[in-house]
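Student: Let me begin by handing over the structure; questions about it come next.
Numbering (the numbering used here), first residue to last: 5 to 388.
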């Protein structure tokens, strides 16, 4: 009898250890490797010292790893119950940032909570993925063909997009909308429905451009003709291209990049951190970092495909697409392929909210992997 009681007391701890063993540790190791790359880049951005960027960022990452592993233990049923409260909380923060947000670089994007500066739009992206996965996971392919059924989840996407646009933060708003659209497609949205959404896009883009702020229009103009204002609006992208080109094949050497170390490169610890890496480590170093980022994306997609339940599939897809878009937008921006915007490079750029929310997303991804064999929410109707 005493042995049975001890066994019952030990069972929860055994389950925790079992789930931790099932975590995809190779994927976690890749995440840590990218964080090490980020630490090295931020150490260089700080002038060869851990302050003020590399040290705080490493502390945030360590906390993020603990959070990621904790979330990976949560079952799908718990995550589904968390979806609505987390989504509503993210909307409240987005409204709050419009009322009393901290202004930076021409926009209200940050809130001061308990002495910490947080960016609610980062939470909104993850909350939306969780909310849509919870909404769609019990829905059959047949019901997805009803346009009226798509109205509530469409509003779930449009509300945070509108609030983020109001800050204004065009880049993040586009990413949120694209992540939402990808989850609609993965859930079974018909091609004709997608075509109806795409057709008016050029007209909506023209209308949207007329409502952009002056600095946003300047970014578009600068993207097309950066040399027209080399010391003003075009300065950032011109310096970024110079740094990328000066790196050559093998780079100028760690801590020896001229554009970065002489402070010609703007926002070298955040938006243009990849430019600094490419200048110091060259084409080989830049391609290596891009390859590591792509491995995380493909690994996330594989986790989504390996899940036996629709919730895990949608969750894995949403987190992977969100990570991919942030990488793609940042890399395209610093290379001059798209207009410059305030989008960081995940796991590498300096930033507390971005780092913690990326790790939160990876925690959800690990939960999908650990519980990939669960048939949570799967019904005959759902598989039709």
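No residue lacks a Cβ here, since even glycine has one placed at the ideal position from N, Cα and C.
All values reported here derive from a predicted model rather than from experimental measurement.
Using 8 Å as the threshold, is the C-beta distance between residue 125 and residue 98 below it?
Tutor: Yes; because the gap between Cβ atoms is below 8 Å, this pair is in contact.
Student: What did DSSP end up calling residue 114 once you bin it into helix, strand or coil?
Tutor: In the structure shown, residue 114 sits in a strand (DSSP, three-state: E or B).
Student: Taking the alpha carbon of residue 190 as the reference point, which residue from 144, 176, 292, 27 has its own alpha carbon closest?
Tutor: Ranking the options by Cα distance to residue 190, first place goes to 144.
Student: Quick one: which unbroken alpha helix (DSSP H) runs of 4-plus residues sit fully inside the stretch 118-177? Chain order, please.
Tutor: The qualifying runs are 124-140, 145-148, 155-170.
Student: For residue 74, which option in 60, 183, 20, 121 has the closest C-alpha, if you only look at C-alpha atoms?
Tutor: The shortest C-alpha separation from residue 74 is found at 20.
Student: Would you kindly check if the distance between the Cβ of residue 290 and the Cβ of residue 394 is under 8 Å?
Tutor: Nothing about residue 394 can be reported from this structure: the residues present for the chain run from 5 to 388 only.
Student: Does the separation of the CB atoms of residue 330 and residue 343 fall below 8 Å?
Tutor: Result no, Cβ atoms of residue 330 and residue 343 do not sit closer than 8 Å.
Student: If distances are taken between C-alpha atoms only, which option among 281, 306, 146 comes closest to residue 43?
Tutor: Here the closest residue by C-alpha is 281.
Student: With a 10 Å radius around its C-beta and 16 neighbouring C-beta atoms as the bar for buried, classify residue 384 as buried or exposed.
Tutor: Note that residue 384 scores 39 on pLDDT, short of 50, meaning its location in the model is unreliable; the coordinates nonetheless yield the value given after this. Exposed, since its Cβ has fewer than 16 Cβ neighbours within 10 Å.
Student: Helix, strand or coil: how does DSSP classify residue 340 here?
Tutor: Of the three classes helix, strand and coil, the one that applies to residue 340 here is coil, per DSSP.
Student: Helix, strand or coil for residue 95? Go by DSSP, reduced to three states.
Tutor: Residue 95 falls in the helix class under three-state DSSP.
Student: Within 8 Å, do at least three Cβ pairs link the stretch 291-301 to the stretch 251-267?
Tutor: Verdict: no, contact absent.
Student: Keeping to the same chain, check which residues put their C-beta closer than 6 Å to that of residue 84; ignore five residues upstream and five downstream.
Tutor: For residue 84, where only same-chain residues beyond five positions count, the Cβ hits under 6 Å are 138.
Student: To the nearest angstrom, how far is it from the Cα of residue 45 to the Cα of residue 277?
Tutor: Using only the alpha carbons, I get a separation of about 7 Å.
Student: Taking the alpha carbon of residue 325 as the reference point, which residue from 314, 184, 241, 378 has its own alpha carbon closest?
Tutor: Closest option to residue 325, Cα to Cα, is 184.
Student: For the alpha helix (DSSP H) containing residue 271, list its first residue and its last residue.
Tutor: Looking at the DSSP string, residue 271 is not in any alpha helix (DSSP H), and its letter there is neither H nor E.
Student: Using only the alpha-carbon positions, how far apart do residue 175 and residue 335 sit?
Tutor: Taking the straight line from one Cα to the other gives about 13 Å.
Student: Going by C-alpha to C-alpha distance, which of 95, 131, 89, 379 sits closest to residue 361?
Tutor: Taking only the C-alpha atoms, the option nearest residue 361 is 131.
Student: Using three-state DSSP, classify residue 101 as helix, strand or coil.
Tutor: Looking at residue 101 - three-state DSSP - the assignment turns out to be helix.
Student: Would residue 389 pass as a contact of residue 136 if the rule is Cβ separation under 8 Å?
Tutor: Beyond the ends of the chain as shown, which are 5 and 388, falls residue 389; an answer cannot be given.
Student: Using beta-carbon positions only, say whether residue 366 and residue 86 come within less than 8 Å of one another.
Tutor: No, Cβ-Cβ distance for residue 366 and residue 86 is not below 8 Å.
Student: Report yes if the CB atom of residue 38 is closer than 8 Å to the CB atom of residue 352, and no otherwise.
Tutor: Going by C-beta atoms, residue 38 is nearer than 8 Å to residue 352.
Student: Quick one: grab the DSSP three-state call for residue 188.
Tutor: Three-state result, residue 188: helix.
Student: On the premise that residue 187 lies in contact with residue 371, defined as a C-beta separation below 8 Å, what is that separation, rounded to the nearest angstrom?
Tutor: Rounded, the Cβ-Cβ distance is 17 Å, inconsistent with contact.
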